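Under this note's numbering, the first residue of the sequence shown is numbered 54, with each subsequent residue one higher. Glycine included, each C-beta is placed from N, C-alpha and C at the ideal position. Computed from a predicted model, the values in this text were never measured in an experiment. Report on one structure; see the data block that follows.
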Amino acid sequence: GKLKKRKFKFDAQKLRPYLHYDKVRKGLMDLTAELFGITYKANTEAKLWHRDVSVYDVYEGDKMLGTIYLDMHPRDHKYKHAAQFTLLPGVVGVQKPAGVLVCNFPNPRTGNGLMEHKQVQTFFHEFGHLMHHVLGGQQRFVRFSGVATEWDFVEAPSQIFEEWATDYETLARFATDAQGKVVPKSLVGKMRKAKEFGKALWVRHQMFYASVSLGLYNADPKTIEPDKLVAEMMRRHSPYPFLEGTHMQNSFGHLNGYSAIYYTYMWSLVISKDMFSRFDKAGILDKATSMDYRRKILGPGGTKAAKDLIADFLGRPYDFKSFERWLNRD
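Below, the structure is given as structure tokens:
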């Protein structure tokens, strides 16, 4: 953080006055409504587990597609991270999809409600999962409903949505301070440059996590020595030295839900960068492209192989070139 501040003259705290939770939430919902041809209607009849939870039904015209629950603020004994969870998978003629975001963003009812940009990016990421769940939840069989795709692909529809969180034209729609002043373009530009810094180190460290994930899964439970495995994977893949006595695997939370397949974050990122190449050409807010993305990527759920969904959208098989360009970009 200090190096970024010195090298790029960027202080992340200077963005916070423009990122009030209520404005970010409304901006994100307005954006997805425009991109995907949907509307949100507040549901005041739904049963809630806490007064902070808000509920919206998702419509396309007069047709209800599903329901989203937003449990967005911290409280005692609540899950401490950010995630999207399925409440009901969608099955045509049986039930509408329902999903929930569980996050811990600043609560404007108990504080100033100002978010850090990394929290905004997380919000966009998890909302990408939620859109996949609802828009892809119109299937005949529950097995193929919503995010029920291959693990190699499952993070791509959420990772691609992070692109809008760093786009100035998108942010300028809702990122305003208490006086109504729009976030300066120069400040967003500095943020984008700062985010580019160190990404190759980050990618290498992600490969370390992926190797630990797979290595622990493949190891013989009778003879496994987790610390030795972690040390070896760190030596092979990470730019950082191994620290004795840290036992990082004990706090590697993704081992619970992802087991051997943490690699999906990097594999999916390759795919998301390639899919975004269409928006790069057409414009990030291009309605025709976003509706095509909805029809060909989100809408089918898991009814087709992911590689075929991607080929339908791109007009070709996905490749590594867009990711390589991103990795080499200053």
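> Per the contact definition of three or more C-beta pairs closer than 8 Å, is the region 324 to 334 in contact with the region 356 to 371?
Replying inline: yes
> Rounded C-beta distance between Leu56 and Met244? I'm assuming under 8 Å.
Replying inline: In the sequence shown, the residue the question calls residue 56 occupies position 3. In the sequence shown, the residue the question calls residue 244 occupies position 191. Contact doesn't hold; Cβ gap of about 15 Å is too wide.
>> If the criterion is Cβ atoms closer than 9 Å, does the pair Ile121 and Val187 meet it?
In response: Here residue 121 refers to the residue found at position 68 of the sequence shown. Here residue 187 refers to the residue found at position 134 of the sequence shown. Yes, Cβ-Cβ distance for Ile121 and Val187 is below 9 Å.
> For Ile121, which beta-bridge partners are listed by DSSP?
Replying inline: Taking the sequence shown and counting its residues from 1, one reaches residue 121 at position 68. DSSP, once it has assigned bridges, lists Tyr109, Gly152 as partnering Ile121.
> Can you name the residues that DSSP bridges to Val235?
Replying inline: Residue mapping note: residue 235 aligns to position 182 of the sequence shown, counting from 1. Per DSSP, Thr229.
>> Give me, in chain order, the residues of the same chain whose beta-carbon lies closer than 7 Å to that of Glu384; leave out the 5 immediate sequence neighbours on both sides.
In response: This structure leaves residue 384 out entirely; the chain is present only between 54 and 383.
> Considering only C-alpha positions, which residue in the set Glu98, Glu179, Leu101, Pro127 is nearest to Phe138?
Replying inline: Walking along the sequence shown from the start, residue 138 turns up at place 85. The shortest Cα separation from Phe138 among Glu98, Glu179, Leu101, Pro127 belongs to Glu179.
>> Using only the alpha-carbon positions, how far apart do Glu87 and Asp110 sit?
In response: Within the sequence shown, residue 87 is the residue found at index 34, counting from 1. Within the sequence shown, residue 110 is the residue found at index 57, counting from 1. Answer to the nearest angstrom: the Cα atoms are 16 Å apart.
>> DSSP three-state label for Gln137, please.
In response: By one-based count along the sequence shown, residue 137 stands at place 84. In the structure shown, Gln137 sits in a strand (DSSP, three-state: E or B).
> Which residue from Glu98, Leu101, Asn271 puts its Cα closest to that of Ala313?
Replying inline: In the sequence shown, the residue the question calls residue 313 occupies position 260. Taking only the C-alpha atoms, the option nearest Ala313 is Asn271.
> Leu154: which of Arg162, Lys248, Val106 sits nearest, CA to CA?
Replying inline: Taking the first residue of the sequence shown as position 1, residue 154 is located at position 101. Out of Arg162, Lys248, Val106, Val106 has the C-alpha closest to the C-alpha of Leu154.
> Measuring CA to CA, which of Gly355, His290, Glu285 is closest to Glu297?
Replying inline: One-based indexing of the sequence shown puts residue 297 at position 244. Ranking the options by Cα distance to Glu297, first place goes to Glu285.
> Pick from Gln148, Cys156, Ala151, Met117: whose alpha carbon is nearest that of Asp129?
Replying inline: By 1-based counting over the sequence shown, the position of residue 129 is 76. Of Gln148, Cys156, Ala151, Met117, the residue nearest in Cα terms is Cys156.
>> Are the CB atoms of Phe158 and Met125 within a distance shorter than 9 Å?
In response: For the purposes of this step, residue 125 is taken as the residue at position 72 of the sequence shown. For the purposes of this step, residue 158 is taken as the residue at position 105 of the sequence shown. Yes; because the gap between Cβ atoms is below 9 Å, this pair is in contact.
> Hey, Lys62 and Thr229: beta-carbon distance below 9 Å or not?
Replying inline: Here residue 62 refers to the residue found at position 9 when the sequence shown is read from its first residue. Here residue 229 refers to the residue found at position 176 when the sequence shown is read from its first residue. No, Cβ-Cβ distance for Lys62 and Thr229 is not below 9 Å.
>> Relative to the C-alpha of Gly90, which candidate in Val241, Glu377, Met82 has its C-alpha closest?
In response: By one-based count along the sequence shown, residue 90 stands at place 37. For the residues Val241, Glu377, Met82, the minimum Cα distance to Gly90 belongs to Met82.
> Which value, in whole angstroms, describes the spacing of the CA atoms of Gly143 and Met260?
Replying inline: Reading the sequence shown from its first residue, position 90 is the one you call residue 143. Reading the sequence shown from its first residue, position 207 is the one you call residue 260. The straight-line gap from Cα to Cα measures roughly 34 Å.
> So which of Tyr371, Leu282, Gly306 has the shortest CA-CA distance to Val323?
Replying inline: Counting from 1 along the sequence shown, the entry for residue 323 is found at position 270. For Val323, the nearest C-alpha among the options comes from Tyr371.
>> Quick check on the DSSP output: the alpha helix (DSSP H) that includes Ala263 runs from which residue to which?
In response: Here residue 263 refers to the residue found at position 210 of the sequence shown. Following the DSSP letters along the chain, one finds Ala263 inside the alpha helix (DSSP H) bounded by residues 252 to 271.
> By DSSP, does Lys349 sit in helix, in strand, or in coil?
Replying inline: Counted from its first residue, the sequence shown places residue 349 at position 296. Of the three classes helix, strand and coil, the one that applies to Lys349 here is helix, per DSSP.
>> In whole angstroms, give me the CA-to-CA distance for Lys100 and Leu140.
In response: Taking the first residue of the sequence shown as position 1, residue 100 is located at position 47. Taking the first residue of the sequence shown as position 1, residue 140 is located at position 87. Lys100 and Leu140 have their C-alpha atoms spaced approximately 13 Å apart.
> Is it the case that the CB of Lys149 approaches a heavy atom of the ligand COA more closely than 8 Å?
Replying inline: The ligand COA is not among the ligands present in this structure, which contains no ligands whatsoever.
>> Measuring alpha carbon to alpha carbon, tell me which residue in Gly152, Tyr346, Gln302 is nearest Arg331.
In response: Against the sequence shown, residue 331 aligns to sequence position 278. Selected option, being the one with the closest Cα: Tyr346.
> Are there 16 or more other CB atoms within 10 angstroms of the CB of Glu222, so buried, or fewer, so exposed?
Replying inline: Residue 222 sits at position 169 when you count from the first residue of the sequence shown. Glu222 comes out exposed.
> DSSP on Ala341, reduced to helix/strand/coil?
Replying inline: Translated into the one-based positions of the sequence shown, residue 341 becomes position 288. In the structure shown, Ala341 sits in a helix (DSSP, three-state: H, G or I).
> What distance in whole Å lies between the Cβ atoms of Ser304 and Gln212, which are believed to be in contact at a cut-off of 8 Å?
Replying inline: Here residue 212 corresponds to residue number 159 of the sequence shown, with the count starting at 1. Here residue 304 corresponds to residue number 251 of the sequence shown, with the count starting at 1. At roughly 23 Å, the Cβ-Cβ gap does not stay under 8 Å, so Gln212 and Ser304 are not in contact.
> What are the partner residues of His178, as DSSP defines its beta bridges?
Replying inline: Taking the first residue of the sequence shown as 1, we reach residue 178 at position 125. Beta-bridge partners of His178 (DSSP): none assigned.
> Between Gln232 and Tyr93, what straight-line distance do the alpha-carbon atoms span, to the nearest angstrom?
Replying inline: For the purposes of this step, residue 232 is identified with residue 179 of the sequence shown, where counting begins at 1. For the purposes of this step, residue 93 is identified with residue 40 of the sequence shown, where counting begins at 1. If I take the Cα positions, the gap works out to 27 Å.
>> Rounded to the nearest angstrom, what separates Trp204 and Gly189 at their Cα positions?
In response: One-based indexing of the sequence shown puts residue 204 at position 151. One-based indexing of the sequence shown puts residue 189 at position 136. C-alpha separation (whole angstroms): 16 Å.
> What do you get for Phe373, buried or exposed, if any count of 16 or more other CB atoms within 10 angstroms of its CB means buried?
Replying inline: In the sequence shown, counting from the first residue as 1, residue 373 sits at position 320. Classification for Phe373: exposed.
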